[in-house]
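Here the protein sequences come in this chain order: A and B. Quick note on the numbering used here: the first sequence kicks off at 55 and runs consecutively. Quick note on the numbering used here: the second sequence kicks off at 17 and runs consecutively. Cβ atoms here follow ideal geometry from the backbone N, Cα and C, with glycine treated the same way. Structure, as structure tokens:
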Amino acid sequence: MSDMNKNNTTENQNTLAEEQEIVNTDAVETAEAEAFNAEDEALSKLESVGNVEEEAAKTLNPTPKEKASVKKNKKSKKKEAEEEVYHKPLIKRRKPNRSIAGDIFLYFFLVVVAIIMFFPIIYAVESALKPLDELFKFPPRIFAQNPTLDNFSDLFVTLGKSWVSFSRYLFNTVFITGLGTFGHLVVASMAAFVLAKYDFPGGKTFFKLVTVAMMFTGYVTGIPNYIIMSKLHMIDTYWAIIIPAFAFPMGLFLMKQFMEGLPTSLIEAAKIDGATEWTVFTKIVMPNVKPAWLTLIIFSVQSLWNNKASTVIYSEEMKTLPFAMQQIQAGGIARTGEAAAVLVVLMIVPIAIFIFSESQILETMASSGLKD
Amino acid sequence: MSQFLKDYVKVKKHNFRVGVKRARLSRNCYLFLAPYAIIFTMFYILPVVVSIVFGFTYYNILEAPRFVGLQNYISLFLEDDIFLMAIKNTFMIAIITGPLGYLGSFLFAWLINELPRWVRSVAVVVFYAPSIAGNCYVIFSVFFRGDAYGYVNAFLMNTGIIDTPILWFIDPRYMLPVCMLVILWMSLGAGFLSFVAGLQGIDKSQYEAGYMDGVKNRWQELWFITLPNMKPMLMFGAVMSITQAFSVCEVTMTLCGYPSTDYAARTIVTHLFDYGFSRFEMGYACSIATILFLIMILCNKAIQSMLSRVGT
């Protein structure tokens with residue numbers, strides 16, 4: 055439907071332009087002069103009145119057809135006139151159809167919700183920084199009075215003495231996240247490149263399958279995946295988490311949508327210069343889709359970094375940080391500070407990546423639409 | 017008729033030959049696609065097939081699967097009270113948090129759209145952070161602690177609304193609402209980002225044309241200009257939030273315990289995990305997975321056909 059709307063608007067513009075031409079060629083100078091006069095009148099009031107068009111329209115009272123053309127004429131003239139009077143607008147004009155009360159209400163609402171949304175995160179960070187005596191103070195304070203990093207060093211001390219050390223859990227998580235994300239980026243980009251830029255039998259069907267897979271991924275495939283992995287002897291290895299992460303459907307989807315925006319002529323030019331497909335991919339396509347890399351990275355990191363993996367990995371020395379966090383929390387009240395510290399370690403990485411790559415991610419998400 | 021059939025076969029044959037030739041010419045394309053296609057088929061397509069097939073069997077990993085027909089589905093719906101409860105809970109959560117989260121994503125994306133650039137990027141981080149903060153929702157167990165020192169309890173008791181502390185995560189009456197609150201807090205995810213980006217990408221001249229044609233307030237602008245332009249993003253967001261809404265389990269399992277009191281916070285996925293990874297009744301678990309798969313796909317299709325009517 056959006057296409058239809060667009061068509062409508064373009065048609066409107068076309069007819070408008072035609073009408074304008076007719077008006078001009080038929081030399082309705084009187085009307086134009088009138089419009090000019092009205093323009094001057096209106097301009098004198100311009101300081102306070104925002105809506106010049108309406109004023110002018112009222113004074114003029116033309117037939118609807120002329121109205122449109124007059125408006126169009128006036129618009130350009132108004133621009134000229136404005137440029138004469140003020141060289142540049144001092145204040146950016148508010149959008150004409152906004153009420154101030156509505157603005158105030160909506161932004162007030164926005165601020166309140168933003169505070170509520172961010173409060174738990176602030177609270178988690180602050181409780182990781184609180185020393186033990188402050189953690190249980192009542193009434194509670196949001197901000198720590200004597201912030202300390204003891205909780206973080208305690209993590210290494212407590213878990214350092216245990217059979218599997220904290221650094222090992224951290225290594226497992228970093229290893230799984232790093233390798234999984236890298237592989238996902240390479241594998242998904244390769245597939246996205248050919249799906250976006252070449253038309254070959256089966257390509258469209260495959261992409262449809264991927265979009266359908268976006269609708270059910272996650273827990274639906276958990277049990278059968280376990281059966282398949284046990285047949286492949288992948289249970290209880292890192293690969294049980296890493297390899298399925300390579301084919302994360304949303305990554306392919308976003309990458310393909312973004313690559314479609316890349317000019318095909320770029321690829322053709324390289325081909326004419328004698329580049330092979332692989333060279334085109336590595337030297338031309340990949341450097342041009344850097345924003346999409348970051349998007350794939352953030353989604354992949356987000357899902358892998360928080361992966362508990364307790365269902366496919368049994369060996370304690372291969373378990374991940376979120377699993378360790380569960381155990382620390384099970385340690386009860388005495389471990390509250392350390393639990394908060396792990397929480398911060400777990401959430402700081404995805405959030406930091408997001409903050410540093412926000413504009414690129416938004417650039418990619420602009421092409422994320424799902425057409426039916 | 018026979019002539020028609022002959023022609024038909026001829027055309028089909030020709031098309032097939034052309035297809036084969038094109039496939040041979042685009043050999044490189046298949047090479048590029050191969051790594052992804054293999055892994056994808058292995059871990060995303062095959063599991064669906066496997067779960068449909070094993071859904072009709074009794075399978076416990078150790079013994080060979082034994083075909084039992086529809087027995088699994090019959091016992092799911094007729095004998096397994098807990099599963100019915102799980103379905104009820106899942107639908108409750110999905111019906112409340114799904115649409116609310118979706119509308120919330122759109123509303124906030126739309127509200128922050130007109131802010132100045134730097135305020136907008138801060139706002140995006142603020143709203144998006146909860147959904148990527150991983151296990152941060154655990155912090156809600158501090159707010160909603162069951163004793164009188166839990167902040168919510170303390171607040172309610174001090175203001176005199178209640179006089180005994182509420183066991184938020186143990187009392188079946190309060191479990192689901194609190195979980196829904198937490199899920200809503202986390203629900204501004206990929207869909208939200210897509211909305212923010214989509215709103216930025218709308219052609220400004222369309223709004224100007226709208227002012228000319230007499231759009232009076234922001235709601236008309238939203239309905240006649242913004243929404244029709246946003247349709248692909250709305251679809252994407254819907255897919256994301258439906259998938260999320262039906263796969264709730266981590267939050268309820270972490271906050272309410274596993275198993276929860278009276279199974280009051282059991283969802284379909286929790287039930288799936290229980291049978292799959294605790295009891296190793298894979299056949300039964302696969303039938304649950306199949307049902308969940310069907311629910312998700314059907315919901316997505318239904319919502320998509322609804323969304324295709326937006327803005328008309």
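Query, Result
"Cβ pair B:Cys-195, A:Tyr-273 closer than 8 Å", "no"
"Within-8 Å CB hit, A:Ile-175 to chain B", "yes"
"Proximity of B:Val-142 and A:Ala-168 at Cβ, strictly below 8 Å", "yes"
"Reduced DSSP category for B:Tyr-9 - H, G, I as helix; E, B as strand; rest coil", "Here chain B has residues from 17 to 328 only, and residue 9 of chain B is not among them."
"Residue environment, B:Ser-18, which counts as buried when at least 16 other CB atoms sit within 10 Å", "exposed"
"Which listed residue (B:Asn-105, B:Leu-308 and B:Met-58) has its alpha carbon closest to that of A:Phe-270", "B:Leu-308"
"Any alpha helix (DSSP H) of 4 or more consecutive residues that is wholly inside the segment 152–205 of chain B", "156–159, 167–174 and 188–201"
"Cutoff 8 Å: A:Ile-326 Cβ touching any chain B Cβ", "no"
"The segment 211–218 of chain B touching the segment 121–134 of chain B, judged by at least three CB pairs closer than 8 Å", "yes"
"Contact set between B:Met-251 and chain A, taken where Cβ atoms lie within less than 9 Å", "Gly-423, Leu-424, Lys-425 and Asp-426"
"Within chain A, the residues that B:Met-312 reaches when beta carbons sit closer than 8 Å", "Met-269, Phe-270 and Val-274"
"Test item: CB-CB of B:Thr-73 and B:Pro-63 under 8 Å", "no"
"Own chain partners of A:Lys-262 with C-beta closer than 7 Å, once the 5 adjacent residues on each side are dropped", "none"
"Bridge-paired residues (DSSP) for B:Asn-274", "At residue 274 of chain B the sequence reads Tyr, which differs from the Asn that was named. In DSSP, B:Tyr-274 forms no bridge with anything."
"Segments of 4+ residues assigned as alpha helix (DSSP H) that fall wholly inside the segment 362–423 of chain A", "375–384, 390–410 and 412–419"
"8 Å Cβ cut-off: residues of chain B touching A:Asn-360", "Gly-150 and Asn-151"
"Contacts of B:Ile-155 in chain A (Cβ-Cβ under 9 Å)", "Pro-174, Ile-175, Tyr-177, Ala-178, Ser-181, Ala-394 and Leu-397"
"Residue range of the alpha helix (DSSP H) that includes B:Pro-51", "43–56"
"Length of the line joining the Cα atoms of A:Ile-281 and B:Gly-205", "30 Å"
"Residues that A:Arg-152 contacts on chain B, provided the C-beta gap is smaller than 7 Å", "Arg-234"
"Where B:Tyr-24 falls: helix, strand or coil (DSSP)", "helix"
"Beta-carbon proximity check, A:Gly-423 vs B:Met-251, cutoff 8 Å", "yes"
"Start and end residues, alpha helix (DSSP H) containing B:Gln-236", "234–237"
"Proximity of A:Pro-174 and B:Ile-77 at Cβ, strictly below 8 Å", "no"
"Interface positions of the segment 48–62 of chain B facing chain A (Cβ-Cβ less than 9 Å), listed along the chain", "Phe-48, Leu-49, Ala-50, Pro-51, Tyr-52, Ala-53, Ile-54, Ile-55, Phe-56, Thr-57, Met-58, Phe-59, Tyr-60, Ile-61 and Leu-62"
"Inter-residue spacing [alpha-carbon to alpha-carbon] between B:Tyr-24 and B:Asn-31", "11 Å"
"Cutoff 8 Å: A:Leu-350 Cβ touching any chain B Cβ", "no"
"Continuous alpha helix (DSSP H) assignments of at least 4 residues falling wholly in the segment 76–115 of chain B", "87–94"
"Cβ of A:Glu-88 within 8 Å of any chain B Cβ", "Residue confidence is low: A:Glu-88 scores 47 on pLDDT, short of 50, so the model does not pin down where it sits. Its coordinate-derived value is still stated next. Answer no: the Cβ-Cβ gap between A:Glu-88 and chain B never drops below 8 Å."
"Partners in chain A for B:Pro-11, counting only beta-carbon separations shorter than 7 Å", "In the structure as shown, chain B begins at 17 and stops at 328. Residue 11 of chain B is therefore absent and cannot be evaluated."
"Beta bridge counterpart(s) of B:Thr-73 as assigned by DSSP", "B:Phe-83"
"Min CB distance B:Phe-309 to chain A below 8 Å", "yes"
"The segment 41–52 of chain B / the segment 244–264 of chain B touching (three or more Cβ pairs under 8 Å)", "no"
"Cα-Cα separation, A:Asn-279 to A:Leu-320", "41 Å"
"Chain A within 8 Å of B:Met-108, Cβ atoms only", "no"
"Distance between beta carbons of B:Phe-70 and B:Met-298, contact taken as under 8 Å", "6 Å"
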